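Colleague: Last residue of the sequence shown: number 131 in full-length UniProt numbering, and the count goes up by one each step with no gaps.
Every residue gets a Cβ at the ideal spot worked out from N, C-alpha and C, and that includes glycine.
Treat the numbers as computed from the prediction; the structure is a model and nothing was measured.
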Amino acid sequence: MRVLLIDDDFISIFLTKKLLQQEGVADSITCFRSSQDALDCVRQMLPEQMPDIIFLDLNMPVMSGWDFLEALKAEEQKFIGRCRIYILTSSLAPCDTARSKEFNLVAGLIHKPLDVMEIQAIRSYLVESSR
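1. Which term fits D37, buried or exposed, when burial requires 16 or more other beta carbons within 10 angstroms of its beta carbon?
2. Pick helix, strand or coil for C95, following the three-state DSSP scheme.
3. Taking L114 as part of the beta strand (DSSP E), name the residues at either end of that continuous run.
4. Using the Cα positions of K112 and E118, report the straight-line distance between them to the nearest angstrom.
5. Less than 8 Å between the beta carbons of I54 and C31, yes or no?
6. Write down the C-beta distance between L56 and I85 rounded to the nearest angstrom, noting that I regard them as a contact closer than 8 Å.
7. Within 10 angstroms of the Cβ of L46, are there 16 or more other Cβ atoms? Answer buried if so, exposed if not.
8. I'd like the list of long-range same chain contacts for E75, defined as Cβ closer than 8 Å, with 5 residues on each side in sequence excluded.
9. Mark S12 as exposed unless 16 or more other C-beta atoms lie within 10 angstroms of its C-beta, in which case mark it buried.
10. With DSSP run on the structure shown, which of helix, strand or coil describes S34?
11. Ignore the nearest five residues each way along the sequence and tell me which others in A71's own chain have a CB closer than 7 Å to its CB.
12. Leaving out five residues on either side along the sequence, give the residues of the same chain with a beta carbon under 6 Å from the beta carbon of R123.
13. Given a threshold of 16 other Cβ atoms within 10 Å of its Cβ, counted over all protein chains shown, does L4 qualify as buried or as exposed?
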């Protein structure tokens, strides 16, 4: 499984990446500290290069996670059925949960830090949906 991790916080990247590696979830993990850099990369990918999962932080400078999702809306057909996005956030605001449901590519909103149970649930879903 290919994972793309987008977060401006180095410590969050380190912890999430370590957990994903420990749980053996990802064959490859690509990290970006900028949503714009990640967007540029994803837009250039061929369908077979797409990540299976994107973990996306919301609160980032220059281009927020919301801005990233808005930018993908015009191209979402390229991603549907190939890529699931999980928002990783420290926000507890109910409006963020509600807003996340406006995006077809968003599979869920997870409060930081990501934990083993959430990883196992995601892995179970992916295994079931690939059958």
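Modeller: In brief:
1. exposed
2. helix
3. Premise fails: L114 is in no beta strand (DSSP E) and is neither H nor E.
4. 11 Å
5. no
6. 6 Å
7. exposed
8. R43
9. buried
10. coil
11. L39
12. V25
13. buried
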